[in-house]
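Visitor:
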Amino acid sequence: MNTKNLGEKNAMRVDRMLTLILCMVMLTNNASQASEPIPAPKQKHPIALIGATVHTVSGAVIQNGTILFDKGKIVAVGTAVTIPQNTERIDTRGKHIYPGLIDASSSLGLTEIGSVRGTLDLSETGRINPNVRAEVAIHPESELIPVARSGGITVAAVSPAGGLISGTAAAIMMDGWTYEEMTLKAPLALVVNWPSMVYSPGRFMRMSREDWQKQRDEQLKQLRDAFAESRAYLKAKDAEKEKGIHYHDLDMRWEAMRPVFSKKIPVVVNANEISQIQAAVAWGEEEQIRIIIGGGRDAWRVADLLKAKDIPVIVNPIHTAPMRRWEGFDEAYTTPAKLKEAGVRFCISGDYSASNSRNTPHHAATAAAYGLAHDEALKAITLYPAQILGLEAMLGSIEVGKDATLMITDGDPLELSTTVEQIFIQGKKIDMQDKHKQLYEKYKQLEDR
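In C-alpha cells:
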C-alpha cells in the first residue's frame, strides 16, 4: 500500500470536512444575524420610560407618566419621578405602556411543527405522570416564542398534556438562552385531565355505553388511587426520621406531589362540562387540595358553586364553536362576562396552541365585545392570571417592587390594529424580531418587482 497516497487522500478528506463545517458555520451565522433574535443581557443600568400613557391596571391611568426601573424591578411610577444621572432615558411620548401579557395555559416551547413528531414534547406515555416537569422540556430556540412576544406575551404558563395526571406546569418568561434562565416559577401547578362524565356516541365515540362507563370508572379509580398511594408514600418517607423506621425507595412520581398536598401549588383540573366541573370540585374537597378549573366552557352554569368554594377558572378558548347544537353562537364569547357578573374569579388564555399564543389578547377582545367590561378584559390577561397562578408579587400590574416586565404599544392591545413596539422582561430590552416580521419584509419586496 502506498502510504503517501493514503496520507494525501486522508488530508483531502479532512480538508473537505473542514470546508463543509466552515460553510455550515457561516450559513448558521448568517441565518442568526438575519433572523434569530438574540436573548437580551440582564439590565446593567437604570432605565426610564418617559412621557407615555401608563396603564397600571391595578390603579389609575397616568397621563404623561414615567416608569423607572433598575436591576429588573420597577423603582418608581408617576409624573414626578426623580431620575438618577446614570439612567438611560427612552422617549415614549405618544405611546402606551402596559404590564406584559400572560398566557395562562400554553404549550409554548413544547411544540413547534404539528406534522414533525421530533418537535413535539407535550406528553409522556402512561396516564399517571406527576413527576413530568414542563420547564425542562422547553426549547429556547423555538420560532414561536418571538412571535408570541410580538403579540404582547411576556410570560406563559406552559403545561404538559396527556393522560390523567400530565405533570407540573411552569411560568416561563419569553426570553433566555436556557430553560433555567427562562423559568420564572416552577412548579406552578399540577395538571389533571378530568374524564368525560357524559356518554356522547358519534363520529369520535364508537364504544358502547357499558364499555365507556367501564373506561370512565377505571380512569377515576386510577386518579384516586394515585393520590392515595402518593399520600401513603409521603407519610412513610416522612416517618423515616423516626427511630426504627426502615428506608423506603425514592419515587419521583410521588415526591412531585408534596407541594400539592401542602397547598403550595394548586391543581389545574381541565374540565368543560357541568358534570365534569361538579365532580372535580367534589374531588378537590375530598382530597383537601386547591383546584383551578381549566377550560370551563360550562363554568358559568355552575357559577354559584364555584363562587361558594372560591374556585377560579382559566377560560379557554374564547374563539370556538358552541359545545352543543342548541347553544347560541356566542356561548363561549360571553362566558367571561357571565363569570364576572356571578362573582367568580377568572382569567382568559389562548387556545393552548403554541402557534396561537400571540392571539391571547384577541380572545380577551372578543370577551370585551360580548359583555365583559374593557378594563376587566385587560385584567383577564394581566392581573387576574397573575393572581390565580400565584405570580401577583411579580407580574400583572405596573407597581413599585414588581418585575419590570412591560410592553410599549401604539394603542390599545385589545385592538387588532395595535402594534407591540417594544417589550421589557425583568428590565431586559428584548429583540422584537420574529419569523412573521421576516416573512413580511421578504414578501414585501414583491411590490417592487
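In terms of my numbering, the sequence shown is numbered consecutively and its last residue is 445.
Ideal placement from N, C-alpha and C gives every residue a C-beta, glycine not left out.
In this text, all values refer to a predicted model and were calculated from it rather than measured experimentally.
Assuming the contact rule is C-beta atoms closer than 8 Å, A350 and L106 should be a hit. Round their C-beta distance to whole Å, please.
Guide: Looking up residue 350 in the sequence shown gives position 354. Looking up residue 106 in the sequence shown gives position 110. Rounded, the Cβ-Cβ distance is 7 Å, consistent with contact.
Visitor: So does the stretch 325 to 339 actually touch the stretch 365 to 383, counting three or more Cβ pairs closer than 8 Å?
Guide: Because the criterion of three Cβ pairs below 8 Å is met, the stretch 325 to 339 and the stretch 365 to 383 touch.
Visitor: Give, in chain order, every unbroken run of the alpha helix (DSSP H) that is at least 4 residues long and sits entirely within the stretch 185 to 252.
Guide: 205 to 235, 248 to 251, all fully within the stretch 185 to 252.
Visitor: DSSP three-state label for L23, please.
Guide: Taking the sequence shown and counting its residues from 1, the one referred to as residue 23 is at position 27. In this prediction, L23 has a pLDDT of 43, which is less than 50 and means its spatial position is unreliable; what the coordinates show is noted afterwards. In the structure shown, L23 sits in a helix (DSSP, three-state: H, G or I).
Visitor: Determine the DSSP secondary structure at N355, reduced to helix, strand or coil.
Guide: The residue you call residue 355 lines up with position 359 of the sequence shown. Helix at N355.
Visitor: Under DSSP, the alpha helix (DSSP H) around T405 begins and ends at which residues?
Guide: By 1-based counting over the sequence shown, the position of residue 405 is 409. No alpha helix (DSSP H) contains T405, which is instead part of the beta strand (DSSP E) from 402 to 405.
Visitor: Alpha carbons only, please: which of V188, A44, L140, S271 is nearest the one belonging to S456?
Guide: In the structure as shown, the chain begins at -3 and stops at 445. Residue 456 is therefore absent and cannot be evaluated.
Visitor: DSSP beta-bridge partners for N266?
Guide: Along the sequence shown, read from residue 1 onward, the residue named residue 266 stands at position 270. N189, G290.
Visitor: Quick one: is N355 buried, meaning 16 or more other Cβ sit within 10 Å of its Cβ, or exposed?
Guide: Position 359 of the sequence shown, counted from the first residue, corresponds to residue 355. Buried.
Visitor: Under a three-way DSSP split, which group does K450 fall into?
Guide: No statement about residue 450 is possible, as the shown extent of the chain runs from -3 to 445 and does not include it.
Visitor: Just checking my contact of S346 with D99 at CB under 8 Å: how many whole Å lie between their CB atoms?
Guide: Taking the sequence shown and counting its residues from 1, the one referred to as residue 346 is at position 350. Taking the sequence shown and counting its residues from 1, the one referred to as residue 99 is at position 103. Sequence inspection shows Gly at residue 346; the Ser mentioned does not correspond to that position. Sure, about 5 Å apart at Cβ, within 8 Å.
Visitor: If you follow the alpha helix (DSSP H) that Q383 is in, where does it begin and where does it stop?
Guide: Within the sequence shown, numbered from 1, the residue matching residue 383 stands at position 387. 379 to 384 is the span of the alpha helix (DSSP H), which, as asked, contains Q383.
Visitor: Across the stretch 198 to 217 and the stretch 132 to 151, are there enough close Cβ pairs to call them in contact, namely three or more that are closer than 8 Å?
Guide: Result no; under three Cβ-Cβ pairs closer than 8 Å.
Visitor: If you draw a straight line from the alpha carbon of A232 to that of H244, how long is it in whole angstroms?
Guide: Indexing the sequence shown from 1 puts residue 232 at position 236. Indexing the sequence shown from 1 puts residue 244 at position 248. The alpha-carbon atoms of A232 and H244 are separated by roughly 7 Å.
Visitor: Note down, one range per segment and in chain order, each alpha helix (DSSP H) of at least 4 residues found wholly within the stretch 72 to 155.
Guide: If we require 4 residues or more, the alpha helix (DSSP H) runs fully inside the stretch 72 to 155 come out as 140 to 146.
Visitor: What distance in whole Å lies between the Cβ atoms of L180 and I377, which are believed to be in contact at a cut-off of 8 Å?
Guide: As a first step, residue 377 must be located in the sequence shown, where it is residue number 381. As a first step, residue 180 must be located in the sequence shown, where it is residue number 184. Rounded, the Cβ-Cβ distance is 16 Å, inconsistent with contact.
Visitor: Beta-carbon within less than 7 Å of P255's beta-carbon, same chain only, minus the 5 sequence neighbours each way: which residues are those?
Guide: As a working mapping, residue 255 is identified with position 259 in the sequence shown. For P255, where only same-chain residues beyond five positions count, the Cβ hits under 7 Å are P183, I261.
Visitor: Can you say whether S258 is buried or exposed, counting buried as having 16 or more other CB atoms within 10 angstroms of its CB?
Guide: Translated into positions along the sequence shown, residue 258 becomes position 262. The residue in question, S258, is exposed, as its Cβ has fewer than 16 Cβ neighbours within 10 Å.
Visitor: Out of R212, L186, A185, which has the shortest C-alpha to C-alpha gap to Y195?
Guide: Residue 195 sits at position 199 when you count from the first residue of the sequence shown. Nearest of R212, L186, A185 to Y195, Cα basis: R212.
Visitor: What do you reckon, are the CB atoms on M178 and R145 nearer than 8 Å?
Guide: As a working mapping, residue 178 is identified with position 182 in the sequence shown. As a working mapping, residue 145 is identified with position 149 in the sequence shown. Not closer than 8 Å, so no.
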